[in-house]
Amino acid sequence: MTAPSRGRGVTAPTDGRLGRRRVVVIGGGLTGLAAAWHVRDEVDVTVLESSTDPGGQVRSVPFAGTRIDVGADAFLARQPEGERLVRAAGFGDDDLVAPATGQVYLWVRGRRRPLPAGTVLGAPADPVALVRSGVLPYGAVLRAGLEPVVPRREVVGDRSVADLVGERFGREVVDRLVEPLLGGVYAGSVDRLSAEATLPPVWSAAQRHRSLLRGLREHRARAAADDSPVFLTIRGGLGRVIDRLAADLGTRLQTGTAVTSLARTEDGGAWRITTDGGEHLVADGVILALPAAVASGLLRDQSPAAARELSGIRAASVGVVALAYAPEHVTDVPVGSGILVPRTEGRLVKAVTFSSRKWPHHAGHDHFLLRASVGRVDDATPVDPDDDRLVAAVEAEVRELAGIDGRADEAIVQRWPDSLPQYDVGHLARVDRLRAALREDAPGLHIGGASLDGVGLAARARDGERLAHEIRWDAGLLDPAGRTG
Ligand SMILES: Cc1cc2nc3c(=O)[nH]c(=O)nc-3n(C[C@H](O)[C@H](O)[C@H](O)COP(=O)(O)OP(=O)(O)OC[C@H]3O[C@@H](n4cnc5c(N)ncnc54)[C@H](O)[C@@H]3O)c2cc1C
21 MTAPSRGRGV TAPTDGRLGR RRVVVIGGGL TGLAAAWHVR DEVDVTVLES STDPGGQVRS
81 VPFAGTRIDV GADAFLARQP EGERLVRAAG FGDDDLVAPA TGQVYLWVRG RRRPLPAGTV
141 LGAPADPVAL VRSGVLPYGA VLRAGLEPVV PRREVVGDRS VADLVGERFG REVVDRLVEP
201 LLGGVYAGSV DRLSAEATLP PVWSAAQRHR SLLRGLREHR ARAAADDSPV FLTIRGGLGR
261 VIDRLAADLG TRLQTGTAVT SLARTEDGGA WRITTDGGEH LVADGVILAL PAAVASGLLR
321 DQSPAAAREL SGIRAASVGV VALAYAPEHV TDVPVGSGIL VPRTEGRLVK AVTFSSRKWP
381 HHAGHDHFLL RASVGRVDDA TPVDPDDDRL VAAVEAEVRE LAGIDGRADE AIVQRWPDSL
441 PQYDVGHLAR VDRLRAALRE DAPGLHIGGA SLDGVGLAAR ARDGERLAHE IRWDAGLLDP
501 AGRTG
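Just so we're aligned, residue 21 is where the sequence shown starts under this note's numbering, counting upward by one.
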């Protein structure tokens, strides 16, 4: 198999095995790696990744005598593509682990309270459970219970999460239930996040039912009938999946190589990719699997319209602090997977995962392991650039939030600058416009990545499948119905 033609000067395509399509994937996070992995035997594919390690926001590191994920720590199992990818990559039942507990806590009104049963991404589907949880003051529960009789405002098109959920259930449901759940995924602002893009089941229930509560109840009933785990992870860390994909790609994956520009070749028939090492690669097809801001920069000259749309997708900077405590300090940590802290509580920490409670493979460890998350889209100050200060501030809050009475024996900090894309109101329409612009301006160029169609790893795996399909289509490897020949 040959790599795309490359050289110091601008090279003409000099591929030795004519007929094989040459594809360059820019960005070796899960999206780019999965896409390349699927087509590795069908086209001449090269992945260019700027960091020395592949995997992007999936990273497992040695910590306290074990390995811990300091980026994503689980994937949604109810969307099949995540599990499909890891199984295809060779992982089996012994590697896949489900959480030991699904109970989540909220820190509200000065103490820990269980997330009420029967919520859909925080939106209540079971008023009785809401009352029992004590998460909302009495007046707010009453307001939420009035949902079926609250007049419905007809709004054309997308709306913010706060606008949709607030109108139906009241603002306190938004601030104390929906915001902390979405905060863990987007670290965003409920006043700007798109209900259509970030709360699909709530959005679709609102479109189909006069009463959102009724629509959510139906959704819950369907979800409750499925007793399979909601999340899965890999024993030993999700980084093992990255290692496996990278090993299978072998020399087709080039790390420590940032792409600095992208242009059509003079005859317009191919793409010329330039790296920070001054190397030029020529390829018939390109996949961009990059953060929106980077993709926007590369497309500035090739598709100004697409570049403009990408530049409008903001990103939040967040940080993860992993802490390892001696067991005697674990005085009051509840049985549960973690605790979420609404923004309205004014805390530094927005979520704590009790890793030793959540994951069976961390349970028997001689330290109690947890991960705390900090940082929100419009406030990166919690991600203190000084490690010692950040750890001390996080430890101080974790003591109260999690129920710990001492200092951690070990700590590790992982910062993720500009990492979590913001699906603001109108996001899906923006993605449609940018793809239409690319079809017009940049044939042979495909775009994916968390900035566009879903931030979770299962969505990334799905994107990898879609991008691979597009590459096969360009290469003439599919029959007219889109099936592999
Ligand atoms: C703290 C945190 C916790 C998370 N937890 C979860 C979770 O539990 N479950 C879940 O499903 N999801 C989780 N996510 C989200 C999930 O990890 C990401 O959405 C997903 O990993 C993004 O994959 P990606 O390939 O699209 O982008 P990325 O992982 O961002 O990969 C993009 C790659 O492009 C590279 N790159 C950038 N510029 C260039 C350039 N010029 N040239 C070449 N390469 C370049 C980057 O180095 C990077 O490796 C979490 C994210 C974070 C930050």
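C-beta atoms are modelled at their ideal positions from N, C-alpha and C, and glycine is treated no differently.
Quantities reported herein were computed from a predicted structural model and do not represent experimental measurements.
Indicate, with yes or no, if ligand 1 has a heavy atom lying under 7 angstroms from the CB of Thr51.
yes
Say yes only if the C-beta of Ala309 is nearer than 7 angstroms to one or more non-hydrogen atoms of ligand 1, and no if none qualify.
yes
Drop a sphere of 10 angstroms on the beta-carbon of Arg503, count the other beta-carbons inside from all chains shown, and report buried for 16 or more, exposed for fewer.
exposed
Suppose the cutoff is 7 angstroms on Cβ atoms and the five residues either side in sequence are ignored; what does the same chain contact list for Gly122 look like?
Val250 and Ser357
So Tyr443 is in the alpha helix (DSSP H); what residue range does that whole segment cover?
That residue, Tyr443, is in no alpha helix (DSSP H); it is neither H nor E in DSSP.
Nearest by alpha-carbon distance to Arg87: which of Ala342, Arg363, Asp429 and Ser393 is it?
Ala342
Within the same chain, show all residues whose beta-carbon is closer than 8 angstroms to that of Arg28, passing over the 5 residues directly before and after it, in chain order.
Low local confidence applies: a pLDDT of 41 at Arg28 is under 50, so the model's placement there is unreliable, with the coordinate-based value given in what follows. Shown here for Arg28: same chain residues with a beta carbon closer than 8 angstroms to its own, the five before and five after excluded, namely Gly298, Glu299 and His300 in chain order.
Can you say whether Gln227 is buried or exposed, counting buried as having 16 or more other CB atoms within 10 angstroms of its CB?
A residue is called buried when at least 16 other Cβ atoms come within 10 angstroms of its Cβ; Gln227 does not meet this threshold and is exposed.
Ala336 beta carbon less than 8 angstroms from that of Gly476:
no
Keeping to the same chain, check which residues put their C-beta closer than 7 angstroms to that of Val433; ignore five residues upstream and five downstream.
Taken in chain order, the residues that qualify are Gly339, Val341, Asp407, Leu410 and Val411.
Residue span of the alpha helix (DSSP H) that contains Gly186, given as start and end
Val181 to Phe189
Tell me whether Leu330 counts as near ligand 1, meaning its Cβ is closer than 7 angstroms to at least one heavy atom of that ligand.
no
Ligand 1 and Ile359: does any heavy atom of the ligand fall closer than 7 angstroms to the residue's C-beta?
No; taking the cut-off as 7 angstroms, the Cβ of Ile359 has no heavy atom of ligand 1 nearer than that.
Arg480, buried or exposed, once every other Cβ within 10 Å from all chains shown has been counted against 16
The residue in question, Arg480, is buried, as its Cβ has 16 or more Cβ neighbours within 10 Å.
Please classify Arg37 as buried or exposed, where buried requires at least 16 neighbouring CB atoms within 10 angstroms.
Caution is warranted here: a pLDDT of 45 is assigned to Arg37, below 50, making its placement in the model unreliable, and no coordinate value can be reported.
Cβ shell of Leu454 (< 7 angstroms), same chain only, five flanking positions each side left out
Ala326, Glu329 and Leu330
Ser316 Cβ short of 7 angstroms to ligand 1 heavy atom set
no
Pair within 8 angstroms by beta-carbon distance, Asp429 and Ala346:
yes
Does DSSP put Arg486 in a helix, a strand or coil?
helix
Residues of its chain near Gly76, where Cβ-Cβ distance is below 6 angstroms and the 5 sequence neighbours each way are ignored
Gly49
Any heavy atom of ligand 1 closer than 7 angstroms to the CB of Leu273?
no
Given that a residue counts as buried once 16 or more other Cβ atoms are within 10 Å of its Cβ, and exposed if not, what is Thr72?
With fewer than 16 neighbouring CB atoms inside 10 Å of its own CB, Thr72 falls in the exposed class.
Write down the C-beta distance between Thr51 and Ala470 rounded to the nearest angstrom, noting that I regard them as a contact closer than 8 angstroms.
With 8 angstroms as the limit, Thr51 and Ala470 qualify as a contact, their Cβ atoms being about 7 angstroms apart.
Could you give the DSSP three-state label for Glu430: helix, strand or coil?
strand
How big is the Cα-Cα spacing for Gly426 and Leu390?
14 angstroms
I'd like to confirm something about Trp436: is its beta-carbon nearer than 7 angstroms to some heavy atom of ligand 1, or not?
yes
Is the beta carbon of Val306 closer than 8 angstroms to that of Ile46?
yes
In three-state DSSP terms, what is Arg133?
strand
Considering only the alpha carbon of each residue, which of Leu156, Leu141 and Ile293 lies closest to Val128?
Leu156
Does the beta-carbon of Leu162 have 16 or more other beta-carbons within 10 angstroms, so that it is buried, or is it exposed?
exposed
Any non-hydrogen atom of ligand 1 closer than 7 angstroms to Ser393 Cβ:
Result yes, Cβ under 7 angstroms from ligand 1.
Counted within 10 angstroms of its Cβ, other Cβ atoms place Trp379 as buried (16 or more) or exposed
buried
Report whether the distance from the Cβ of Phe95 to the nearest heavy atom of ligand 1 is below 7 angstroms.
yes
Pull up the distance between the alpha-carbon of Glu415 and that of Val445, whole angstroms please.
35 angstroms
Can we say the stretch 200-217 touches the stretch 241-261, given the rule of at least three CB pairs closer than 8 angstroms?
no
Between the Cα of Gly289 and the Cα atoms of Glu69, Phe111, Ala462 and Ala478, which residue gives the shortest distance?
Ala462
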